[in-house]
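Visitor:
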Amino acid sequence: MYKLKSFANGFEYIEVQNTASSAKIALQGAHIFEYKREREEDILWLSQESDFQKTKAIRGGVPLCWPRFGSLDKSLPQHGFARTMLFELLEVKEIHEGKTQLILELRDTKESREIWDFSFKLQMKITIAKSLTMQLTTTNLDTKEMFLTQAFHTYFNVSDISDVTIKGLQNRHYFDALVDEEFTQNAEIRFTQEVDRVYQGVNAAVVLEDKRRSISIKSSGSSSVVVWNPWIEKCKRMSGMQALAYKEFVCIESANAFDDFKSLKAGESHRLETLIC
Ligand code: TA6
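Numbering (our numbering), first residue to last: 388 to 664.
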């Protein structure tokens with residue numbers, strides 16, 4: 388079952404409910420801001436300060452960073468512009484009683500071409516079931532080559548950040564954005580301070596272990612993973628975040644970032660895919 392709904396201010400979203408799971412997806416940014424499996428707490432964290440204002444990025448859920456991850460490209464907003472643009476809902480298919488698939492699409496507009504002079508098609512295919520599958524396909528409809536970095540900037544709901552362990556990134560090199568230096572990850576990741584790292588050469592599932600559950604994040608079309616928690620001081624400076632919110636989430640972001648960028652010739656496509664289960 389699915390319904391197209393809107394908040395009092397006209398902000399539109401799709402509500403999906405099936406026998407295995409439920410979800411809410413904003414048309415703006417094709418932004419999944421709720422995903423729950425039957426009889427479980429939300430897998431995704433959503434800030435209590437989220438007020439769903441048009442053209443303002445939602446804090447939490449799965450923001451799409453596209454056509455840039457990060458803020459290295461000063462000609463574009465941090466994490467690009469897709470997360471604040473209105474996608475078109477092309478299709479909702481109820482594959483079976485426990486699996487619903489949605490396809491949303493964004494095309495270049497006069498506004499997008501003013502800040503990023505490319506014709507493109509960006510398609511987000513979301514499968515809501517006992518697992519959550521996200522497929523973001525970029526097609527270069529322009530005549531010139533397209534440089535692309537991107538990420539599913541997924542905010543995972545956790546019982547307490549101090550009880551979290553992230554496995555699967557041992558022995559991977561990472562760029563530490565806090566000190567602009569490269570390191571190698573030796574042990575499993577625990578949190579006792581701000582963490583903002585881009586792991587490279589990732590080709591296996593990353594596992595988020597929390598007191599109440601273990602979640603696997605497996606990607607294709609990507610070999611970089613971002614791990615971020617703002618910790619105490621940065622959390623206080625973040626927009627749309629309460630002072631103690633850092634305790635409630637960790638971001639594990641399947642990406643094409645840094646050395647894992649993509650270059651698409653005219654007519655070429657690239658798909659970033661992530662399975663959360
Ligand atoms: O993915 C980590 C990061 O780049 C952090 O440095 C922090 O800026 C976070 O994204 C949130 O960015 P946003 O633009 O959503 O406030």
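Note that beta-carbon positions come from the ideal geometry of N, C-alpha and C, so glycine has one too.
Only a predicted model underlies this, so the values are computations on that prediction, with no experimental measurement involved.
To the nearest angstrom, report how far apart Arg-494 and Arg-455 are at their CA atoms.
Guide: Their Cα atoms are separated by approximately 16 Å.
Visitor: Answer yes if the stretch 634 to 642 comes into contact with the stretch 505 to 519, meaning at least three C-beta pairs across the two stretches below 8 Å, and no otherwise.
Guide: no
Visitor: Tell me whether Gly-654, by its Cβ, gets closer than 7 Å to a heavy atom of ligand 1.
Guide: no
Visitor: Taking 8 Å as the CB-CB limit, is Glu-655 close to chain C?
Guide: This model lacks chain C altogether, as it is built from one protein chain only.
Visitor: Going residue by residue through the stretch 478 to 531, where are the continuous alpha helix (DSSP H) segments of at least 4 residues, counting only ones entirely within it?
Guide: 497 to 502
Visitor: Going by C-alpha distance, which of Asn-544, Asp-567, Asp-647, Met-625 is nearest Asn-590?
Guide: The shortest C-alpha separation from Asn-590 is found at Asp-647.
Visitor: Measure the C-alpha to C-alpha separation of Leu-414 and Gln-440 and round it to an integer number of angstroms.
Guide: 12 Å
Visitor: Within 10 Å of its beta-carbon, does Gln-557 have 16 or more other beta-carbons around it, so buried, or fewer, so exposed?
Guide: Gln-557 comes out exposed.
Visitor: Using the three-state DSSP reduction, which class does Ala-410 fall into: helix, strand or coil?
Guide: strand
Visitor: Does the contact criterion of 3 or more C-beta pairs under 8 Å hold for the stretch 456 to 475 versus the stretch 545 to 553?
Guide: no
Visitor: Report the option in Phe-534, Gln-404, Thr-661, Ala-632 whose CA atom is closest to the CA atom of Ser-607.
Guide: Among Phe-534, Gln-404, Thr-661, Ala-632, the Cα nearest to that of Ser-607 is on Thr-661.
Visitor: What are the start and end residues of the alpha helix (DSSP H) that includes Glu-620?
Guide: 618 to 624
Visitor: I'd like the list of long-range same chain contacts for Gly-627, defined as Cβ closer than 6 Å, with 5 residues on each side in sequence excluded.
Guide: Excluding positions up to five away in sequence, the list reads Ser-434, Glu-436, Arg-446.
Visitor: Return the CA-CA distance between Leu-473 and Lys-531, expressed in angstroms with no decimal places.
Guide: 25 Å
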